[in-house]
């Protein structure tokens with residue numbers, strides 16, 4: 436049986452087709468998020484079905500996850516991105532015990548059970564501090580691309596102090612720093628540090644190795660090193676770090692649903 | 088419904104037996120008409136309190152506002168007055184409060200003060216005296232501003248629960264409150280009057296305890312929200328006590344929907360949920376949870392311990408009960424951890440959710456101990472939710488709550 440997982444994130448939508456028996460990824464895809472989330476996800480699913488040469492009616496079950504999961508009306512059910520990321524990471528790296536996920540709009544730290552279940556988790560609160568959005572704003576302000584940030588940070592002489600945690604205020608702060616003659620390199624290093632220290636305080640002291648890094652921000656060169664030095668643990672970047680949520684959703688679609696578990700123990 | 092305001096009448100437009108949004112409004116069950124009437128009764132709690140307060144004021148009785156469970160209602164009742172809770176739960180009152188108060192302050196404090204600025208809480212406007220308990224720094228300093236608008240007596244709460252001298256000072260503070268009530272209202276407060284108020288409050292505490300204990304069942308006959316709605320702003324309204332009795336007789340056996348065996352049993356701890364600020368409770372119960380126990384001041388915490396009406400010195404007996412309340416302002420506050428440990432077992436919680444109002448420093452810091460207790464000792468999943476009265480983060484809270492419940496189910500499955 437073939438299963439589909441759709442991760443409707445704040446910045447991108449991801450979809451995966453999975454062979455339920457061999458737990459093999461048949462096709463995957465990613466698209467920018469927009470207003471009509473369900474339509475975007477639907478056409479993404481169609482694309483990857485075509486890519487894999489699979490008929491829609493051969494898909495057994497579809498699970499949606501991510502912040503926009505409830506908008507994906509063609510999904511059979513939804514599961515939160517927390518459970519899905521844990522499951523997806525566990526599939527690729529079974530020994531993983533901590534997951535740091537930095538996405539477009541939120542960041543989270545999960546601790547995993549040996550079987551890939553979630554032991555506990557923390558997420559950022561109301562604002563986008565310490566997320567991919569923060570980096571996008573900075574890159575735009577400095578007129579560089581996201582992919583340049585890693586190299587810039589490496590060339591920094593010292594990290595500028597970015598005191599504001601708020602994306603909007605940090606932007607103002609960066610204007611001030613530029614005006615005072617601070618180099619863009621130092622600013623980028625400072626921004627990386629502010630993000631990773633935010634993750635560090637969120638994670639607390641209970642970080643268990645191995646630590647796996649997921650989410651779109653894991654793709655930005657240098658972020659793993661910055662995170663590594665902030666939390667003092669070795670960081671493994673997950674294979675396809677943007678896809679772990681969708682993968683987890685597809686795997687869970689193939690399992691017997693959690694919804695039928697009786698709670699009275 | 089926006090808050091504790093008698094002018095707000097839209098509560099009547101909702102038919103609780105046929106709620107527009109089943110599962111969120113709480114009144115969800117297969118009810119006989121008697122149960123239905125009962126729930127309607129408590130849905131209109133603010134109106135009943137308002138009618139009662141107006142009628143009694145006309146007869147010359149005094150109204151005394153309180154803003155914390157540390158104030159012994161018995162003393163106010165023994166002075167012939169009516170204690171009424173003034174804690175604000177409305178987000179709409181906060182902008183007015185922020186003219187005078189910092190934005191980064193607990194929403195309960197801001198909302199309470201905002202009601203005064205807007206003159207929107209009829210109970211506060213009617214009150215002959217406010218008792219201002221110095222529980223936390225935020226309240227303490229807000230009271231200095233509130234005192235410019237209302238007659239006020241500051242009741243100082245010492246904060247070392249195991250210190251005998253601190254207790255003696257607390258007893259002295261209660262004597263001063265008694266003196267204040269007695270002089271202001273020109274009434275002699277006799278030991279007999281205190282004893283009879285104790286008996287009355289014990290009755291209410293017992294009834295509310297018994298109602299809370301209905302939630303111990305495998306199939307609780309109420310939602311947490313419905314139980315929360317049974318807490319009245321004015322204690323010991325004779326009609327409320329009758330309804331509590333009736334509820335205890337008619338509720339057992341009632342079936343709620345969604346079925347309890349499909350829902351995760353939640354112990355909710357932390358800050359109180361004043362009238363109008365039930366959002367997080369609704370998010371929990373609207374996403375697959377059932378709050379079986381509330382270890383907080385709008386839940387079971389203040390009714391767990393009674394007062395001995397036959398004690399030689401009834402004021403001392405009162406002081407003892409109230410000084411035992413395990414609020415996070417106390418240091419150390421071991422009593423709360425003991426209580427959570429006990430209640431999690433008795434109510435067979437599947438997880439613990441701790442609610443913290445933004446900028447509530449004491450609960451915020453204390454969550455360190457609670458998390459440790461829950462994860463390492465009781466071995467239950469724990470979730471900490473820090474928020475204010477604004478609904479802007481409801482979807483984010485829902486995601487966390489759903490993820491927590493997925494974790495609980497995963498553990499059970501294993």
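Protein chains in written order, with the working numbering: chain A, 436 to 700; chain B, 88 to 501. We put the CB at the ideal spot given by N, CA and C, even for glycine.
Using three-state DSSP, classify residue 296 of chain B as helix, strand or coil.
Working through the second chain from its first residue, we reach residue 296 of chain B at position 209. Correct three-state label for residue 296 of chain B: helix.
Boundaries of the alpha helix (DSSP H) in which residue 518 of chain A is found, first to last residue
Within the first chain, the letter at position 83 stands for residue 518 of chain A. Its alpha helix (DSSP H) spans residues 516-527.
With a cut-off of 8 Å, does the C-beta of residue 490 of chain B fall near any C-beta of chain A?
Within the second chain, the letter at position 403 stands for residue 490 of chain B. Yes, contact with chain A.
How far does the beta strand (DSSP E) with residue 536 of chain A in it reach, from first residue to last?
By one-based count along the first chain, residue 536 of chain A stands at place 101. Where residue 536 of chain A is concerned, the enclosing beta strand (DSSP E) stretches over 533-537.
Check whether chain B comes within 8 Å of residue 689 of chain A, counting only Cβ atoms and requiring the distance to be less than that.
To locate residue 689 of chain A, count along the first chain from 1; it is residue 254. Chain B contact via Cβ: absent.
In chain order, what residues of the same chain have a beta carbon less than 6 Å from the beta carbon of residue 659 of chain A, not counting five sequence neighbours either side?
Against the first chain, residue 659 of chain A aligns to sequence position 224. Here the set comprises 648, 670, 672.
Using a Cβ cut-off of 9 Å, pull out every chain B residue sitting near residue 518 of chain A, in sequence order please.
Within the first chain, residue 518 of chain A is the residue found at index 83, counting from 1. Going along chain B in sequence order, the residues near residue 518 of chain A (Cβ under 9 Å) are 489, 490, 493, 494, 497.
Within the same chain, show all residues whose beta-carbon is closer than 6 Å to that of residue 689 of chain A, passing over the 5 residues directly before and after it, in chain order.
For the purposes of this step, residue 689 of chain A is taken as the residue at position 254 of the first chain. Within the same chain, and ignoring the five residues on either side of residue 689 of chain A in sequence, the residues whose Cβ sits closer than 6 Å to its Cβ are 438, 455.
Does residue 111 of chain B come out as helix, strand or coil in the three-state DSSP assignment?
If you number the second chain from 1, residue 111 of chain B lands on position 24. Per-residue confidence for residue 111 of chain B stands at a pLDDT of 37, beneath the threshold of 50, marking its modelled position as unreliable; no derived number is given.
Looking at the structure shown, is residue 432 of chain B part of a helix, part of a strand, or coil, going by DSSP?
Numbered from 1 along the second chain, position 345 holds the residue referred to as residue 432 of chain B. Three-state DSSP puts residue 432 of chain B in a helix.
Tell me whether the beta-carbon of residue 258 of chain B lies closer than 8 Å to the beta-carbon of residue 398 of chain B.
Locating residue 258 of chain B in the second chain gives position 171, where the first residue counts as 1. Locating residue 398 of chain B in the second chain gives position 311, where the first residue counts as 1. Not closer than 8 Å, so no.
Residues of the region 440-462 of chain A with a CB closer than 8 Å to any CB of chain B: list them in chain order, please.
none
Under three-state DSSP, which class holds residue 509 of chain A?
Here the question's residue 509 of chain A lines up with position 74 in the first chain. Reduced to three states, the DSSP call for residue 509 of chain A is coil.
Please decide whether residue 501 of chain B counts as near chain A, where near means a Cβ-Cβ distance under 8 Å.
As a working mapping, residue 501 of chain B is identified with position 414 in the second chain. Cβ-Cβ to chain A under 8 Å: yes for residue 501 of chain B.
For residue 163 of chain B, the nearest candidate out of B:266, B:365, B:346, B:459 (CA to CA)
Within the second chain, the letter at position 76 stands for residue 163 of chain B. Out of B:266, B:365, B:346, B:459, B:266 has the C-alpha closest to the C-alpha of residue 163 of chain B.
Note down, in chain order, all residues in the region 459-470 of chain B with a beta-carbon under 9 Å from any beta-carbon belonging to chain A.
462, 468, 469, 470
Residue 207 of chain B: beta carbon under 7 Å from a heavy atom of the ligand PLP?
Inclusion of the ligand PLP in the displayed structure is not the case, the ligand content being empty and no account of it being possible.
Determine the direct distance from the alpha carbon of residue 335 of chain B to that of residue 130 of chain B, and round the result to whole angstroms.
Along the second chain, one-based indexing puts residue 130 of chain B at 43. Along the second chain, one-based indexing puts residue 335 of chain B at 248. C-alpha separation (whole angstroms): 17 Å.
If you drop the 5 nearest sequence neighbours on each side, which residues of the same chain put their C-beta closer than 8 Å to that of residue 211 of chain B?
In the second chain, residue 211 of chain B corresponds to position 124, counting from 1. Result list for residue 211 of chain B: 152, 173, 202, 203, 217, 237, in chain order.
Residue 381 of chain B, enclosing beta strand (DSSP E) - first and last residue
Taking the first residue of the second chain as 1, we reach residue 381 of chain B at position 294. 376-382 is the span of the beta strand (DSSP E), which, as asked, contains residue 381 of chain B.
Could you check which residue in A:612, A:631, A:461, A:557 has the C-alpha nearest to that of residue 576 of chain A?
On the first chain, position 141 is the one that residue 576 of chain A refers to. Among A:612, A:631, A:461, A:557, the Cα nearest to that of residue 576 of chain A belongs to A:612.
Scan the region 202-239 of chain B and note each continuous beta strand (DSSP E) run of 3 residues or more that stays entirely inside, going in chain order.
216-220
With 16 other CB atoms within 10 Å as the buried threshold, where does residue 476 of chain A fall?
Numbered from 1 along the first chain, position 41 holds the residue referred to as residue 476 of chain A. Looking at its Cβ environment, which holds 16 or more other Cβ atoms inside 10 Å, residue 476 of chain A is buried.
Inter-residue spacing [alpha-carbon to alpha-carbon] between residue 610 of chain A and residue 663 of chain A
Counting from one through the first chain, the residue named residue 610 of chain A turns up at place 175. Counting from one through the first chain, the residue named residue 663 of chain A turns up at place 228. Cα to Cα, residue 610 of chain A sits roughly 28 Å from residue 663 of chain A.
Going straight from the alpha carbon of residue 562 of chain A to that of residue 443 of chain B, what length do you get?
Your numbering for residue 562 of chain A matches position 127 in the first chain. Your numbering for residue 443 of chain B matches position 356 in the second chain. Going from the Cα of residue 562 of chain A to the Cα of residue 443 of chain B covers about 17 Å.
Along the chain, which unbroken stretches of the alpha helix (DSSP H) at least 4 residues long are found entirely within the region 652-689 of chain A?
658-666, 679-689
Terminal residues of the continuous alpha helix (DSSP H) containing residue 483 of chain B?
Counting from 1 along the second chain, the entry for residue 483 of chain B is found at position 396. Note, residue 483 of chain B: alpha helix (DSSP H), 481-500.
Output the boundary residues of the beta strand (DSSP E) element that contains residue 443 of chain A.
Here residue 443 of chain A is taken as the residue at index 8 of the first chain, counted from 1. Element bounds for residue 443 of chain A: 437-443.
Residue 113 of chain B to residue 497 of chain B span [Cα, whole Å]:
Your numbering for residue 113 of chain B matches position 26 in the second chain. Your numbering for residue 497 of chain B matches position 410 in the second chain. Low local confidence applies: a pLDDT of 42 at residue 113 of chain B is under 50, so the model's placement there is unreliable, and no value is given.
Would you say residue 683 of chain A and residue 519 of chain A are within 8 Å of each other, going by their C-beta atoms?
Working through the first chain from its first residue, we reach residue 683 of chain A at position 248. Working through the first chain from its first residue, we reach residue 519 of chain A at position 84. For residue 683 of chain A and residue 519 of chain A, yes; Cβs fall inside 8 Å.
May I have the straight-line CA-CA distance separating residue 486 of chain B from residue 515 of chain A, to the nearest angstrom?
In the second chain, counting from the first residue as 1, residue 486 of chain B sits at position 399. In the first chain, counting from the first residue as 1, residue 515 of chain A sits at position 80. Each residue's alpha carbon lies about 6 Å from the other.
Continuous alpha helix (DSSP H) stretch holding residue 449 of chain B: start and end
The residue you call residue 449 of chain B lines up with position 362 of the second chain. Counting along the chain, the alpha helix (DSSP H) containing residue 449 of chain B begins and ends at 448-459.
If I'm right that residue 379 of chain B touches residue 353 of chain B with Cβ under 8 Å, what's the distance once you round it to whole angstroms?
For this step, residue 379 of chain B is matched to residue 292 along the second chain. For this step, residue 353 of chain B is matched to residue 266 along the second chain. About 7 Å separates the Cβ atoms of residue 379 of chain B and residue 353 of chain B, confirming a contact at the 8 Å cut-off.
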